[in-house]
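Residue numbers (numbering that gives the first Met the number 0), protein chains in the order written: chain V, 0 to 118; chain U, 0 to 118.
Note that beta-carbon positions come from the ideal geometry of N, C-alpha and C, so glycine has one too.
Note that this is a predicted model, so its numbers are computed, not measured.
There are 2 protein chains.
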Amino acid sequence: MVEYSSKLLDRTFGALADPTRRRILAQLAKGDECVTDLARPHAMSLAAVSKHLIVLEKAGLVKRRRKGRVHSLALEAKPMREAQAWIDRYREFWEGNLDQFEKYLGKLQKKENKHGNDK
Amino acid sequence: MVEYSSKLLDRTFGALADPTRRRILAQLAKGDECVTDLARPHAMSLAAVSKHLIVLEKAGLVKRRRKGRVHSLALEAKPMREAQAWIDRYREFWEGNLDQFEKYLGKLQKKENKHGNDK
DNA sequence: ACTATATTCAACCATATGGTTGAATATAAA
DNA sequence: TTTATATTCAACCATATGGTTGAATATAGT
């Protein structure tokens, strides 16, 4: 069962809306890395990258594991899966397979309303 | 060939990061609608919804067609397809099929750099 | 103990975002 | 022509975002 938390989708899509953060995800897709290594290829301060990592962390897209003074970042699957699910079902519906998505939207709407997490 | 414009992905994911806009897309998935009809179910001013529509339009996710004073909004496929492609390939890579995504990332990186549209 | 490294924190800045209200514009209907 | 409807525009507000720099904190190495 995929969970549909509006806030989680907000944060996930929001995190993906920045090229630096997409690139960080791409870096991590090749393997876990620490903050300094992640920051190196980006043309900005370490503190700026650190902030991007916090955004990714809040979206649940990466997980941090401290090893002494070094923070090792690793990808986390779930939020991306849910973002993908949203788009997949949206397209399934829109591009033809109507009934399924209509049901899905109903559920989503209810959840978003019920939890009052509409922004 | 999918096109990888960094700015387009920024705008697309950015547009999807708001629950009102996701709901508008859901409304439009059931069929074209005008601004007033789209606005009705949302607990905010018409002007606010109008602004959201402009965001969706700039992301290319909806297309506007004026019929006299009524603006009819319709979904547009391409940007959503590209957002989906990004996530799909990211996950393909990360969850096992390494070689393909590595190539893809190379191309993406080049495009994003070459066009200098990195924010 | 001292020094160097890894990371965040805090204050600051400029611009973006998401909302409001009231006026402007364009078209439709009387 | 007058009035009503559809939509945007403009000004404003509060908060968020993405960056900076310099200081603070924590751990490692000598």
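U:H70 is bridged by DSSP to U:R65. Assignment of beta-bridge partners to U:E32 by DSSP yields U:L72. The Cβ atoms of U:A14 and U:R20 lie closer than 8 angstroms to each other. Exposed is the label assigned to U:I53, since fewer than 16 other Cβ atoms lie within 10 Å of its Cβ.
Close to V:D36, with beta-carbon spacing below 9 angstroms, lies no residue of chain U; the smallest spacing is near 17 angstroms.
Proximity of chain V to U:S5 at the Cβ level (cut-off 7 angstroms) is accounted for by P18, in chain order. Contact annotation: in the segment 42 to 53 of chain V, residues whose CB is within less than 9 angstroms of a CB in chain U are A42. Those residues of the segment 58 to 86 of chain U placed with their C-beta closer than 8 angstroms to a C-beta in chain V are L74, A76, M79, R80, A82, Q83, W85 and I86, ordered along the chain.
Only residues of its own chain outside the window of five on either side were considered, and among them E32 and L37 have a CB closer than 7 angstroms to the CB of U:Q26, listed in chain order. Comparing C-alpha distances from U:L8 to each of U:Q83, U:V48 and U:K62 shows the shortest one belongs to U:Q83.
U:D87 sits in a helix when the DSSP states are folded into three classes. With a contact defined as Cβ atoms closer than 8 angstroms, V:H70 and V:R80 miss out at about 24 angstroms. In the DSSP annotation of this structure, the continuous segment of the alpha helix (DSSP H) that includes U:S5 starts and ends at S5 to L15.
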